[in-house]
Amino acid sequence: MSEETEFEEPETGTLPLDAWHRAKGARMVEFAGYWMPIQYEGIVAEHEWTRSSAGLFDVSHMGQLLLSGPDLDAAVETVLPIDLSTLKLGMQRYSLLLDDEGGVLDDLMVSRWPDSLYLVVNGATKWDDIGHLREYLPDEITLNHLDEQALLALQGPKAVDALARHAQGDLPLADLTFMKFGRYTIAGHDVTIARAGYTGEDGFEISLPGEAAAEIADLLCGEPEVKPIGLGARDSLRLEAGLPLYGHDLSPETSPIEAGLVFGINKRRRTEGGYPGAERINREIVEGTARKWVGLKVEGRMPAREGAEVLVGDAKVGVVTSGGFSPTLGAPIAMAYVASEHAGSGTALEILVRSKRLAATVVPTPFVPHRYYRGK
Amino acid sequence: MARYFTDEHEWIDVDGDTATVGITDYAQGQLGDIVFVELPGAGTALSKGGDAAVVESVKAASDVYAPIDGEVTEGNSALEDDPALVNTAPEGDGWFFKMTIGDASQLDGLMDEAAYKSFCDSL
Numbered sequence: 002m003s004e005e006t007e008f009e010e011p012e013t014g015t016l017p018l019d020a021w022h023r024a025k026g027a028r029m030v031e032f033a034g035y036w037m038p039i040q041y042e043g044i045v046a047e048h049e050w051t052r053s054s055a056g057l058f059d060v061s062h063m064g065q066l067l068l069s070g071p072d073l074d075a076a077v078e079t080v081l082p083i084d085l086s087t088l089k090l091g092m093q094r095y096s097l098l099l100d101d102e103g104g105v106l107d108d109l110m111v112s113r114w115p116d117s118l119y120l121v122v123n124g125a126t127k128w129d130d131i132g133h134l135r136e137y138l139p140d141e142i143t144l145n146h147l148d149e150q151a152l153l154a155l156q157g158p159k160a161v162d163a164l165a166r167h168a169q170g171d172l173p174l175a176d177l178t179f180m181k182f183g184r185y186t187i188a189g190h191d192v193t194i195a196r197a198g199y200t201g202e203d204g205f206e207i208s209l210p211g212e213a214a215a216e217i218a219d220l221l222c223g224e225p226e227v228k229p230i231g232l233g234a235r236d237s238l239r240l241e242a243g244l245p246l247y248g249h250d251l252s253p254e255t256s257p258i259e260a261g262l263v264f265g266i267n268k269r270r271r272t273e274g275g276y277p278g279a280e281r282i283n284r285e286i287v288e289g290t291a292r293k294w295v296g297l298k299v300e301g302r303m304p305a306r307e308g309a310e311v312l313v314g315d316a317k318v319g320v321v322t323s324g325g326f327s328p329t330l331g332a333p334i335a336m337a338y339v340a341s342e343h344a345g346s347g348t349a350l351e352i353l354v355r356s357k358r359l360a361a362t363v364v365p366t367p368f369v370p371h372r373y374y375r376g377k
Numbered sequence: 313m314a315r316y317f318t319d320e321h322e323w324i325d326v327d328g329d330t331a332t333v334g335i336t337d338y339a340q341g342q343l344g345d346i347v348f349v350e351l352p353g354a355g356t357a358l359s360k361g362g363d364a365a366v367v368e369s370v371k372a373a374s375d376v377y378a379p380i381d382g383e384v385t386e387g388n389s390a391l392e393d394d395p396a397l398v399n400t401a402p403e404g405d406g407w408f409f410k411m412t413i414g415d416a417s418q419l420d421g422l423m424d425e426a427a428y429k430s431f432c433d434s435l
């Protein structure tokens with residue numbers, strides 16, 4: 002028996018909660034250059050706990066960057082296809098780092114802080130992102146890598162109940178709707194809380210000082226609703242939520258329009274351009290793309306994984322970029338790029354897995370409905 | 313009935329001229345939640361160390377190898393409806409397949425229970 006793990010990276014650092022995870026019995030793996038918890042009691046149990054209660058994820062491997070300086074918005078708009086004139090203080094938005102051909106270098110979150118912009122980027126790409134930003138931004142723009150900060154995600158329908166007992170700030174958590182953030186204290190420590198995450202559930206991402214991470218993780222996990230959750234369940238949750246994962250569903254070989262991320266190209270930028278790859282991206286918005294990223298429901302129980310070919314008859318029409326078993330649906334699901342003429346909802350396709358053909362159907366995503374909190 | 317173990321974490325129960333094969337409790341613990349098992353059909357010729365089955369956990373697919381040469385006589389149909397048997401009873405009801413024993417001398421190179429336990433302890 003051999004295990005083909007997809008969580009393998011060389012050179013390994015430790016993050017603020019390393020000892021905390023090990024003390025909680027986590028199985029640790031190397032991912033994005035760090036030791037990370039892949040699971041505690043088991044992926045399915047952790048997945049279901051997050052969907053029904055609240056899970057605490059350590060995502061401290063992700064990069065937290067702070068940009069400041071003169072004419073900051075104009076400078077950042079030359080690098081990101083975002084419309085910063087509509088991003089007000091206290092708001093967060095999804096954006097993309099693109100190369101000159103419109104390929105995706107990373108996807109990221111941008112928040113308007115007083116006199117600065119705060120970015121959260123993927124862990125596996127953060128050093129490349131920093132290099133890219135330093136190269137493309139004017140020298141007057143300061144880029145601070147907040148590598149002393151930890152990042153926790155508290156996700157699930159009961160996350161708000163548990164967090165409200167500890168977070169104190171000007172804005173009650175009940176008023177913090179999806180994609181907004183605010184400054185709070187937890188146990189006397191200054192933290193930033195955004196109502197966001199990557200599970201499809203209501204939840205929060207908490208940026209906090211690394212030295213306070215264990216204390217705050219203990220406080221949150223002391224609440225009856227909260228258990229620590231590993232990266233394994235984070236991946237199955239985001240797959241059910243139909244969310245792309247950089248390095249799998251997104252890469253320099255994919256355009257954001259193929260991936261259905263047109264919302265990541267803000268409206269004003271679609272006509273004005275002025276960002277890397279704008280010519281191709283704006284053309285694709287108008288003319289469409291030759292392939293599209295779609296959801297696939299797979300017949301039977303055998304999962305189709307990343308790299309599996311999608312077929313119509315004997316013709317290869319696509320490739321799976323993420324796939325696995327959905328604990329919520331009790332069935333295999335996958336995401337794939339397929340030729341646009343076969344991308345319509347309800348289209349019958351086949352997926353080749355170890356020389357077997359699995360019947361699959363194009364279905365709308367998310368596979369499991371999002372439950373973001375957008376206010377009452 | 314004698315039970316042997318491989319260093320790839322398969323177990324094999326030998327009963328006369330047939331054998332039952334599965335994966336060990338240690339292996340299922342490493343794999344986590346099993347969601348699917350792909351078994352060889354009856355009549356499939358197996359060779360020691362070659363691919364015999366595939367076990368899918370939530371996160372990944374893993375190969376299961378044949379512990380010895382032989383021919384598959386039966387797959388465990390209970391795994392079709394309940395792959396999680398591999399988690400709950402890996403060395404019992406969660407067996408994978410039965411096979412003939414093509415070359416009994418190959419059993420000599422496998423571990424007994426005590427040797428396998430110390431092998432796992434060393435990992």
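Taken in order, these protein sequences are the chains called A and B. Just so we're aligned, residue 2 is where the first sequence starts under the numbering used here, counting upward by one. Just so we're aligned, residue 313 is where the second sequence starts under the numbering used here, counting upward by one. Quick reminder that beta carbons are idealized off the backbone N, C-alpha and C, glycines included.
Consider the Cβ of residue i: report whether some Cβ of chain A lies at a distance smaller than 8 Å.
{"i": "Ser373 (chain B)", "result": "Reading the sequence as shown, one finds Ala at residue 373 (chain B) and not Ser. Closer than 8 Å: yes."}
{"i": "Glu425 (chain B)", "result": "no"}
{"i": "Glu350 (chain B)", "result": "yes"}
{"i": "Asp282 (chain B)", "result": "With chain B running from 313 to 435 in the structure shown, residue 282 (chain B) is simply not present."}
{"i": "Glu368 (chain B)", "result": "yes"}
Strictly by DSSP, which residues pair up with residue i?
{"i": "Leu73 (chain A)", "result": "In DSSP, Leu73 (chain A) forms no bridge with anything."}
{"i": "Leu359 (chain A)", "result": "A:Ile352"}
{"i": "Pro38 (chain A)", "result": "A:Met29"}
{"i": "Ala339 (chain B)", "result": "Ala339 (chain B) pairs with nothing; no bridge assigned."}
{"i": "Tyr95 (chain A)", "result": "A:Met110"}
{"i": "Pro210 (chain A)", "result": "A:Gln150"}
{"i": "Lys181 (chain A)", "result": "A:Met92"}
{"i": "Leu57 (chain A)", "result": "A:Leu155, A:Pro229"}
{"i": "Ile194 (chain A)", "result": "A:Gly183, A:Ile207"}
{"i": "Pro65 (chain A)", "result": "According to the sequence provided, residue 65 (chain A) is Gln. The question's Pro does not apply to it. For Gln65 (chain A), which the question treats as bridged, DSSP gives the partners A:Val121."}
{"i": "Val333 (chain B)", "result": "B:Ile324, B:Phe409"}
Are the C-beta of residue i and some C-beta of chain B separated by less than 8 Å?
{"i": "Arg302 (chain A)", "result": "yes"}
{"i": "Phe326 (chain A)", "result": "yes"}
{"i": "Gly233 (chain A)", "result": "yes"}
{"i": "Arg358 (chain A)", "result": "no"}
{"i": "Ser237 (chain A)", "result": "yes"}
{"i": "Arg355 (chain A)", "result": "yes"}
{"i": "Glu9 (chain A)", "result": "A caution first: Glu9 (chain A) carries a pLDDT of 44, below 50, which makes its placement in the model too unreliable to give a value."}
For residue i, which residues from the same chain have a beta carbon less than 7 Å from its beta carbon, with the 5 sequence-adjacent residues on both sides left out?
{"i": "Ser369 (chain B)", "result": "Leu343, Gly344, Asp345, Ile346, Val347"}
{"i": "Leu134 (chain A)", "result": "Val80, Leu144"}
{"i": "Tyr373 (chain A)", "result": "Phe179, Asp203"}
{"i": "Leu397 (chain B)", "result": "Ala390, Leu391, Asp405, Gly406"}
Give the straight-line distance between the Cα atoms of residue i and residue j, rounded to the nearest whole angstrom.
{"i": "Ala416 (chain B)", "j": "Asp394 (chain B)", "result": "32 Å"}
{"i": "Ala372 (chain B)", "j": "Glu49 (chain A)", "result": "19 Å"}
{"i": "Ala75 (chain A)", "j": "Pro115 (chain A)", "result": "16 Å"}
{"i": "Gln385 (chain A)", "j": "Leu120 (chain A)", "result": "Given that chain A is displayed from residue 2 to residue 377, the structure contains no residue 385 (chain A) and the question cannot be resolved."}
{"i": "Asp329 (chain B)", "j": "Trp36 (chain A)", "result": "47 Å"}
{"i": "Tyr137 (chain A)", "j": "Val80 (chain A)", "result": "7 Å"}
{"i": "Val77 (chain A)", "j": "Leu174 (chain A)", "result": "30 Å"}
{"i": "Gly274 (chain A)", "j": "Ser356 (chain A)", "result": "45 Å"}
{"i": "Trp294 (chain A)", "j": "Glu259 (chain A)", "result": "6 Å"}
{"i": "Trp128 (chain A)", "j": "Val326 (chain B)", "result": "55 Å"}
{"i": "Leu1 (chain A)", "j": "Asp100 (chain A)", "result": "Outside the modelled stretch of chain A, which goes from 2 to 377, sits residue 1 (chain A), for which no answer is possible."}
{"i": "Ile334 (chain A)", "j": "Pro71 (chain A)", "result": "47 Å"}
{"i": "Leu246 (chain A)", "j": "Ala427 (chain B)", "result": "43 Å"}
{"i": "Arg235 (chain A)", "j": "Lys268 (chain A)", "result": "31 Å"}
{"i": "Asp250 (chain A)", "j": "Tyr377 (chain B)", "result": "31 Å"}
{"i": "Arg306 (chain A)", "j": "Arg239 (chain A)", "result": "15 Å"}
{"i": "Val263 (chain A)", "j": "Pro225 (chain A)", "result": "40 Å"}
Output needed for residue i: all residues of its chain with C-beta closer than 8 Å, excluding positions within five of it in sequence on either side, in chain order.
{"i": "Phe431 (chain B)", "result": "Phe317, Asp319, Met423"}
{"i": "Gly248 (chain A)", "result": "Asn123, Ala125, Thr126"}
Which same chain residues, not among the five before or five after residue i, have their C-beta less than 6 Å away from its C-beta?
{"i": "Gln40 (chain A)", "result": "Arg28, Gly231, Gly233"}
{"i": "Gln418 (chain B)", "result": "Lys360, Ile380"}
{"i": "Val227 (chain A)", "result": "Ala55, Leu57, Ala163, Leu221"}
Going by the C-beta, is residue i closer than 7 Å to any heavy atom of the ligand ADP?
{"i": "Lys360 (chain B)", "result": "Among the ligands in the structure shown, none appear at all, so the ligand ADP cannot be discussed."}
Positions along the segment 30-51 of chain A whose CB lies within less than 7 Å of some CB in chain B: Considering only beta carbons, the part of the segment 30-51 of chain A lying closer than 7 Å to chain B consists of Gln40, Gly43, Ile44, Val45, in chain order.
Could you list the residues in the segment 306-323 of chain A with a C-beta less than 7 Å from some C-beta on chain B, going in chain order? So the list reads Arg306, given in the order they occur along the chain.
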